[in-house]
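So in the working numbering the end of the sequence shown lands on 263, straight run, no missing numbers. C-beta atoms are modelled at their ideal positions from N, C-alpha and C, and glycine is treated no differently. Model, not experiment: these values are computed from the prediction. Here is the structure we will look at.
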Amino acid sequence: MTDHEHEGGCCGGSCARSEGLVLVEVKEGVALVTLNRPDKLNALSAEMLGDLFVALADIDGDDEVAAIVITGSTNCKRPSFAAGADIAEMVEFSGLEMREHARLGQRTFAILESMSKPSIAAVNGFAFGGGCELAMACHVRFAAEGALLGQPEINLGIIPGFGGSQRLPRLVGQGRALEMLLSGDPVSATEAHRIGLVNKVFPTAELLPAAMEFAKKLAGKAPVARHAIVDAVLRGAEIGADKAQALEADLFGLVGSSDDVKEGMKAYLEKRAAHWTGR
Ligand code: COA
């Protein structure tokens, strides 16, 4: 039974499905996931990562949800998406426990990145360490004007453990990634936009509405093609150009065998909106 069913099902297309460190609310096909640990600027504890993993797995299996927005609680004393992994918790970890912690974060963010449902990070303040890594695991990043993003692990004598050393260079290039990783210095939302770390920047009040609106737009696109695009981009980036082209052709063929492809092209020719079935 999902959390959703636990709480008595959906209520008019908008329902809160869990409470605690990770809040999930579904509105018009979009799951709004809120990191909710305001007294610690939404720092990601192991418990919170576990809750996020469960919430994302639940969303993955929920046919009512077609897109995801992730943001930080607005109840923090200073605007925060997430101020990183929980340092107070990690200080007690052995090396082996640190490795397990890294694996938990990586598993959690991998489920998000590989999901067929597009995800948008609404970065509403500090996105440091694990917070920046979570934003980078989303498919699209929007940021508030005052947001700061960075990987300050080096200042603690550690390195990123939730995929940051791999996703950051893929997004901004090796030189800029090394500059950020080796200095630990954060970048402003404007700079993050300039280097390709975030897609768009909004005044704070407009951030969440813009992210929700964009998520709704993506939710309305052809599901089979949406999944194939994520697959082509992510898996293609890991292999050589020739193999990636072959992968694209295979996925093109796979999508071509779906009902949606006939519907999409027919709808275009008949000058009407397409009705996607996801088959
Ligand atoms: N882990 C654990 N607790 C954290 C945290 C983290 N990553 N980030 C913030 N907090 C806690 C603080 O310890 C503080 O708790 P307290 O009130 O019980 O003392 C609370 O959140 C508020 O943070 P505070 O430092 O008082 O706020 P600030 O406005 O002075 O500074 C930051 C904000 C984000 C600059 C600062 O909290 C910071 O540097 N955090 C760590 C960032 C980091 O290194 N992240 C990577 C971790 S791998």
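For residue 62, which residues from the same chain have a beta carbon less than 8 Å from its beta carbon, with the 5 sequence-adjacent residues on both sides left out? Exclusion of the five residues before and after residue 62 leaves 25, 109 and 110 as the residues of its chain whose Cβ lies within less than 8 Å of its Cβ.
With a threshold of 8 Å on Cβ separation, who are the neighbours of residue 263 within its own chain once the five nearest residues in sequence on each side are excluded? Once the five neighbours on either side are set aside, the close Cβ partners of residue 263 are 208, 242, 243 and 244.
The ligand COA and residue 181: does the residue's C-beta get closer than 7 Å to at least one heavy atom of that ligand? False, no ligand heavy atom lies under 7 Å from that Cβ.
Using only the heavy atoms of the ligand COA, determine whether one of them is closer than 7 Å to the beta carbon of residue 204. No.
Once the 5 residues before and after residue 138 are set aside, which same chain residues still bring their CB inside 6 Å of it? For residue 138, where only same-chain residues beyond five positions count, the Cβ hits under 6 Å are 168.
Distance between beta carbons of residue 96 and residue 121, contact taken as under 8 Å: Beta-carbon to beta-carbon, residue 121 and residue 96 are separated by about 5 Å, close enough to satisfy the 8 Å threshold.
Is any non-hydrogen atom of the ligand COA found closer than 7 Å to the C-beta of residue 81, if you look at the structure I gave you? Result no, Cβ not under 7 Å from the ligand COA.
Local Cβ density within 10 Å of residue 78, reported as buried at 16 or more and exposed below that: It is exposed - the Cβ of residue 78 has fewer than 16 other Cβ atoms within 10 Å.
Euclidean distance between Cα positions of residue 27 and residue 141: Between residue 27 and residue 141, the C-alpha separation is close to 18 Å.
Which residue or residues does DSSP assign as beta-bridge partners of residue 17? Residue pairing by DSSP puts residue 17 in a beta bridge opposite 8 and 54.
Which term fits residue -11, buried or exposed, when burial requires 16 or more other beta carbons within 10 angstroms of its beta carbon? Because the pLDDT at residue -11 is just 36, under 50, the model does not fix this residue reliably, and the point stays unresolved.
Give me whichever residues DSSP pairs with residue 125 in a beta bridge. DSSP output for residue 125 lists 105 as bridge partner(s).
For residue 173, I'd like the list of residues in its chain whose CB is within less than 6 Å of its CB, leaving aside the five on either flank, ordered along the chain. Cβ-Cβ distances below 6 Å link residue 173 to 127, 129, 131 and 185 in the same chain, with the five nearest sequence neighbours on each side left out; the list follows chain order.
If you reduce the DSSP assignment to three classes, tell me which class residue 198 lands in. Note: residue 198 maps to helix in three-state DSSP.
Quick check: the stretch 49 to 66 against the stretch 231 to 240, are at least 3 beta-carbon pairs closer than 8 Å? Flag = no, the stretch 231 to 240 and the stretch 49 to 66 do not touch.
Using 7 Å as the cut-off, classify the Cβ of residue 137 as near or not near the heavy atoms of the ligand COA, replying yes or no. Within the cutoff, so yes.
C-alpha distance - residue 0 paired with residue 225, whole-angstrom precision: Note that residue 0 scores 40 on pLDDT, short of 50, meaning its location in the model is unreliable; the coordinates nonetheless yield the value given after this. In this structure, the CA atom of residue 0 is about 44 Å from the CA atom of residue 225.
Please classify residue 182: does DSSP put it in a helix, a strand, or coil? In this structure, residue 182 counts as coil in the three-state DSSP scheme.
In this structure, how does DSSP classify residue 134 when only helix, strand and coil are distinguished? Secondary structure of residue 134 (DSSP, three-state): strand.
Based on the DSSP secondary-structure assignment, which residues constitute the bridge partners of residue 66? When beta bridges are read from the DSSP output, residue 66 appears opposite 111.
Where does residue 172 sit, in a helix, a strand or coil, going by DSSP? In the three-state DSSP reduction, residue 172 falls in the strand class (E or B).
Can you look up residue 28 in the DSSP assignment and give me helix, strand or coil? It is a strand residue.
Please classify residue 236: does DSSP put it in a helix, a strand, or coil? Residue state for residue 236 is assigned as helix, using DSSP reduced to three classes.
Just reading off the alpha helix (DSSP H) that residue 247 is part of, what are its end residues? From DSSP, the alpha helix (DSSP H) with residue 247 extends over 243 to 253.
Please state whether the Cβ-Cβ distance between residue 247 and residue 257 is less than 8 Å. The answer is no: Cβ separation not under 8 Å.
Taking the beta carbon of residue 166 as the centre, do at least 16 other beta carbons fall within 10 Å, making it buried, or is it exposed? Exposed, by the Cβ-count rule.
Residue 267 in three-state terms, based on DSSP: Because the chain here runs from -15 to 263, residue 267 falls outside it and cannot be looked at.
Whole-number beta carbon distance between residue 146 and residue 89, since they are thought to touch under 8 Å: Yes, they are in contact, since the Cβ atoms of residue 89 and residue 146 sit about 3 Å apart, within 8 Å.
With a threshold of 6 Å on Cβ separation, who are the neighbours of residue 199 within its own chain once the five nearest residues in sequence on each side are excluded? The residues are 14, 51, 53 and 104.
Can you grab the Cα-Cα spacing for the pair residue 33 / residue 231, in whole Å? When rounded, the distance between both Cα atoms is 32 Å.
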